[in-house]
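Worksheet: one structure, shown below.
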Amino acid sequence: MSEQIATIYKRMKDLPSTHILGAGTPMCAGCGGLQALHEVYDILGEKTVFVNAAGCMTLLAVYPFTPFRGSWLYTSMSSAPAGAQGVRDALDILLAKGRIPPEEDLAVAVLTGDGSAYGMGLSATSGAIERGLDFLYLCYDNEGYGNTGQQTSPATPHGAKTATATGPAGFGGYKKDLFAIWAAHRPAYVATVIGTEPLDLARKIEKAKAMKGPRLIIALAPCPTGWDFDPQQTVEVGKLAVKTGIWPLKEYENGQVTHTKVPSQRVPVEEYLKKQGRFAHLFAPQRDEATLAEIQAQVDAYWAGMEGEQ
Amino acid sequence: MYRIRFHGRGGQGMKTASRLLGTAFFLAGYQVQDAPRYGAERRGAPIFAFVRAAKAAIFERGIIREPDLVVVADDSLVPVPMAGVLQGADPHTVMLLNTGESAETWRHRLNYPGTLLTLPAEAAERAELRFVGATCAGAAARLLGVIPRETLAAALHQELAAHGEAVVQRNLDQALAAFDAMAEHAGCVGEGAAVGLDRAPAPAWVELPVDPADAAAAAIHAGATSVEVRTGLWRILRPVIDYARCNRCWWVCSEFCPDSAIKVVDGRPEIDYDHCKGCMICVAQCPPHAIAAVPERQFSEAKA
Ligand SMILES: Cc1ncc(C[n+]2csc(CCOP(=O)(O)OP(=O)(O)O)c2C)c(N)n1
Ligand code: SF4
Ligand SMILES: [Mg+2]
Numbered sequence: 001m002s003e004q005i006a007t008i009y010k011r012m013k014d015l016p017s018t019h020i021l022g023a024g025t026p027m028c029a030g031c032g033g034l035q036a037l038h039e040v041y042d043i044l045g046e047k048t049v050f051v052n053a054a055g056c057m058t059l060l061a062v063y064p065f066t067p068f069r070g071s072w073l074y075t076s077m078s079s080a081p082a083g084a085q086g087v088r089d090a091l092d093i094l095l096a097k098g099r100i101p102p103e104e105d106l107a108v109a110v111l112t113g114d115g116s117a118y119g120m121g122l123s124a125t126s127g128a129i130e131r132g133l134d135f136l137y138l139c140y141d142n143e144g145y146g147n148t149g150q151q152t153s154p155a156t157p158h159g160a161k162t163a164t165a166t167g168p169a170g171f172g173g174y175k176k177d178l179f180a181i182w183a184a185h186r187p188a189y190v191a192t193v194i195g196t197e198p199l200d201l202a203r204k205i206e207k208a209k210a211m212k213g214p215r216l217i218i219a220l221a222p223c224p225t226g227w228d229f230d231p232q233q234t235v236e237v238g239k240l241a242v243k244t245g246i247w248p249l250k251e252y253e254n255g256q257v258t259h260t261k262v263p264s265q266r267v268p269v270e271e272y273l274k275k276q277g278r279f280a281h282l283f284a285p286q287r288d289e290a291t292l293a294e295i296q297a298q299v300d301a302y303w304a305g306m307e308g309e310q
Numbered sequence: 311m312y313r314i315r316f317h318g319r320g321g322q323g324m325k326t327a328s329r330l331l332g333t334a335f336f337l338a339g340y341q342v343q344d345a346p347r348y349g350a351e352r353r354g355a356p357i358f359a360f361v362r363a364a365k366a367a368i369f370e371r372g373i374i375r376e377p378d379l380v381v382v383a384d385d386s387l388v389p390v391p392m393a394g395v396l397q398g399a400d401p402h403t404v405m406l407l408n409t410g411e412s413a414e415t416w417r418h419r420l421n422y423p424g425t426l427l428t429l430p431a432e433a434a435e436r437a438e439l440r441f442v443g444a445t446c447a448g449a450a451a452r453l454l455g456v457i458p459r460e461t462l463a464a465a466l467h468q469e470l471a472a473h474g475e476a477v478v479q480r481n482l483d484q485a486l487a488a489f490d491a492m493a494e495h496a497g498c499v500g501e502g503a504a505v506g507l508d509r510a511p512a513p514a515w516v517e518l519p520v521d522p523a524d525a526a527a528a529a530i531h532a533g534a535t536s537v538e539v540r541t542g543l544w545r546i547l548r549p550v551i552d553y554a555r556c557n558r559c560w561w562v563c564s565e566f567c568p569d570s571a572i573k574v575v576d577g578r579p580e581i582d583y584d585h586c587k588g589c590m591i592c593v594a595q596c597p598p599h600a601i602a603a604v605p606e607r608q609f610s611e612a613k614a
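Taken in order, these protein sequences are the chains called A and B.
If you're matching positions, the first sequence starts at 1 in the working numbering and goes up one per residue.
If you're matching positions, the second sequence starts at 311 in the working numbering and goes up one per residue.
Below, the structure written as structure tokens:
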């Protein structure tokens, strides 16, 4: 279905080879969130204004430095979509009054972490979708409150150790299904992406860019610091998230969910977990067979439920 | 009062080192302050942490400007001005460096006024660097000479217990080995004089004229000003492309580089060393393995 619109990103060589996000940001070496952002920004282009809720990426634009080519607005964790409404309204008024020509219009993009998207900012997002706000939401999901030292967030997966889930079993709760929550609002577009699958990401952002209304993207963001792996493993960890099926790449449009990259032979999920220090207690001093089996069973159940859908 | 400053990069465990040493001091009957200090930068950026310990109440606050002991986990920080490794070092100050080179070389290179000692650079492997904090704390404890071996071990158990027995054991081995290795220099660090208010230097007042707001905090109209920040200083490993092996693929390295630090010119990737933070994703992902990870110190040696 996703092939209906002709994409200009047919193969890897069609991806941009120069990048518009400036270097010199204070994100960690190997940050998977920054990787996704630079890929998204390359497709969205310079005429984008970012509305950013508190989180790691707040530090991107610290006066007088910014990696963006245009404006950036900082909001509280709970209110980035409300901030986007204000920016969109202001632009619309300027356009209507003829104070800026149509070619100077900007795309409005919300940029937040998972703590904001899955938790504190959910109500403001719900309202913005309800009002049909014309904006793009990019959530980089590092599965915790990264900026403040990786405390548990509503996106933290079962079993992961965080700064607030330090017990022998890690986090006892379960990751919230934000894709389903967003899609239930019936916005124009919802998609999951990851920086380590840049072609899939580019096609989705290209598609979202061409649409109007609320378009919401969740990028899984392997986080060397919070997930505890060597920064050079960011891409490997991200690719395993897709190959094991724990991070399904999919999109929602016109009431339909489509998987855009179905792992043909799913790699056992423990290959993904093993790479990350936050799951180390599942493997040593002895294997926690029950938790490993539970996580695998959840992944299997997800894909079993999807059968016949693709 | 003892004043100890630990220098390292985010992720090298200097916060842990100061915590371990602080707790060891506390268990040895001292009053203690320990605190890490870093800004908005993250893993890889220069940071420092410090410990004050005294038998009496400590009224001094803020960062340590007159250290008795400076511990440097990563010798590539020494020439970086913003890291401030040498700040306040005088003939009384003992400096302990984690380095692959000899103490003699460093004494000579820095024309260092005080005692300069080295830890054997056991932590050249980045994955091992997470234990260098324990090594630094162990060595520092011995140089101070007032912390018994068992007290160091007890502090380590207390601070790291939540990480599990294996982590505790690994760190304990490192810390105690460093403690033992420094036997020859036990107690070489002396207490610095207390700095009371009477000895505090008079503040150097600076007159700040009131500027119009738009001059004091000018609006920035340029884009991508972040390039003025040289994050290349974070690097301990440098990715180096062997152009004979690079097969001009679909710029895997450039696409995956989170930092926009690899641009592609006519199919040929070029690394921007002013900004590359040294994550080594490109080294791991390059399909024909055309990018090598070379320790930064090899380049500083070549320059010296
Ligand atoms: C209402 C509120 N509570 C707490 C904070 C402190 N805080 C700043 S950033 C942050 C973490 C945000 O997590 P997330 O949205 O996942 O972004 P990340 O830091 O992981 O990039 C927190 C808790 C805040 N800014 N506002
Ligand atoms: S803590 Fe994680 S998400 Fe935040 S900047 Fe570092 S790597 Fe990126
Ligand atoms: Mg987060």
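Backbone N, C-alpha and C fix where the C-beta goes; we use that ideal spot for every residue, glycine too.
Taking 7 Å as the cut-off, is the C-beta of C446 (chain B) nearer than that to any heavy atom in ligand 1?
no
What does G474 (chain B) touch in chain A if you count any residue whose Cβ is under 9 Å from its own?
P168, A280, H281, A284 and P285
Under 8 Å by Cβ, that's how I've got G213 (chain A) and P187 (chain A) pegged, so tell me the actual separation to the nearest angstrom.
Confirmed, about 6 Å.
Take A169 (chain A) and list the residues in its own chain whose beta-carbon comes closer than 8 Å to its own, dropping the five residues that flank it on each side.
G159, H281, D288 and T291
Starting from G113 (chain A) and walking both ways along the beta strand (DSSP E), at which residues does that stretch end?
First-last of the beta strand (DSSP E) with G113 (chain A): A107 to G113.
Along the chain, where does the beta strand (DSSP E) that runs through P192 (chain A) open and close?
In the sequence under discussion, the amino acid at residue 192 (chain A) is Thr, which differs from the Pro named in the question. That run of the beta strand (DSSP E) goes Y189 to I194.
Just the C-alpha distance for Q479 (chain B) and H467 (chain B), rounded to the nearest angstrom, thanks.
9 Å
Run down chain A in chain order and give the residues with a C-beta less than 9 Å from the C-beta of T333 (chain B).
Going along chain A, no residue has its Cβ under 9 Å from T333 (chain B), so there is no contact; the nearest lies around 18 Å.
Between N147 (chain A) and ligand 1, is the CB less than 7 Å from at least one heavy atom?
N147 (chain A) Cβ: within cutoff of ligand 1.
Mapping DSSP to helix, strand and coil, what is K207 (chain A)?
helix
In terms of alpha-carbon separation, which member of B:S386, B:V593, B:T425 and B:L396 lies closest to T409 (chain B)?
B:S386
Using the Cα positions of F65 (chain A) and A512 (chain B), report the straight-line distance between them to the nearest angstrom.
34 Å
By DSSP, does N52 (chain A) sit in helix, in strand, or in coil?
strand
Identify which residue in B:R352, B:V382, B:F335 and B:T445 has its Cα closest to the Cα of L482 (chain B).
B:T445
I think I43 (chain A) touches K209 (chain A), with their Cβ atoms under 8 Å apart; what is that distance to the nearest whole Å?
7 Å
Could you check what DSSP says for P625 (chain B) in three-state terms: helix, strand or coil?
Chain B is shown from 311 up to 614; residue 625 (chain B) falls before or after that span and cannot be answered.
Give me the Cα-Cα distance between V456 (chain B) and R375 (chain B), rounded to the nearest whole angstrom.
22 Å
May I ask you to verify whether the region 50 to 69 of chain A touches the region 523 to 542 of chain B, counting CB pairs closer than 8 Å and requiring at least 3?
yes
Compare the C-beta of A437 (chain B) against all C-beta atoms of chain A and say whether one is closer than 8 Å.
Unreliable placement is indicated for A437 (chain B), whose pLDDT of 49 sits below 50; the coordinate value is still reported in the next sentence. So yes, A437 (chain B) belongs to the interface.
Looking only at its own chain, which residues have a Cβ that is under 6 Å from the Cβ of A434 (chain B), when we skip the five neighbours before and after it?
The pLDDT assigned to A434 (chain B) is 47, lower than 50, so where the model puts this residue is not dependable; a value taken from the coordinates is nonetheless given after this. Nothing meets the Cβ criterion.
At which residue ranges does the region 78 to 146 of chain A contain complete beta strand (DSSP E) runs of 3 or more residues, listed in the order of the chain?
107 to 113 and 135 to 141
Please compile the residues from chain B whose C-beta is within a distance smaller than 8 Å of the C-beta of C223 (chain A).
Within chain B, no residue comes near C223 (chain A); the closest Cβ sits about 10 Å away, beyond 8 Å.
When burial is assigned at 16 or more other CB atoms within 10 Å of the CB, is S412 (chain B) buried or exposed?
Flag for S412 (chain B) reads exposed.
Please list, in chain order, the residues of the region 567 to 583 of chain B that have any C-beta partner in chain C closer than 7 Å.
The chain labelled as chain C is not found among the protein chains of the depicted structure, namely A and B.
Express the C-alpha separation of T196 (chain A) and L273 (chain A) in angstroms, rounding to a whole number.
17 Å
At a threshold of 7 Å, does G113 (chain A) count as lining ligand 1 (C-beta to nearest heavy atom)?
Yes, the Cβ of G113 (chain A) comes within 7 Å of a heavy atom of ligand 1.
Any idea what DSSP makes of P356 (chain B), helix, strand or coil?
strand
Would M77 (chain A) pass as an interface residue toward chain B - the criterion being a Cβ-Cβ separation below 8 Å?
no
Classify Y272 (chain A) as helix, strand or coil using the three-state DSSP reduction.
helix
Tell me, please, which residues DSSP counts as bridged to N408 (chain B).
Per DSSP, B:L429.
Closest to T244 (chain A) by C-alpha separation, out of A:E236, A:Q286, A:E251 and A:R266, would be which residue?
A:R266
So I314 (chain B) contacts chain A; which residues on that side make the cut at Cβ distance below 8 Å?
Simply none; closest approach about 24 Å.
Would you mind telling me which residues of chain A sit closer than 9 Å to I357 (chain B), beta carbon to beta carbon, in chain order?
What I357 (chain B) touches in chain A: nothing, since even the nearest Cβ is about 12 Å away.
Can you have a look at Y553 (chain B) and say buried or exposed, based on whether 16 or more other CB atoms are within 10 angstroms of its CB?
Flag for Y553 (chain B) reads exposed.
Could you round the C-beta distance between Y312 (chain B) and E501 (chain B) to whole angstroms and report it? I think they count as a contact, below 8 Å.
6 Å
Any heavy atom of ligand 1 closer than 7 Å to the beta-carbon of M57 (chain A)?
yes
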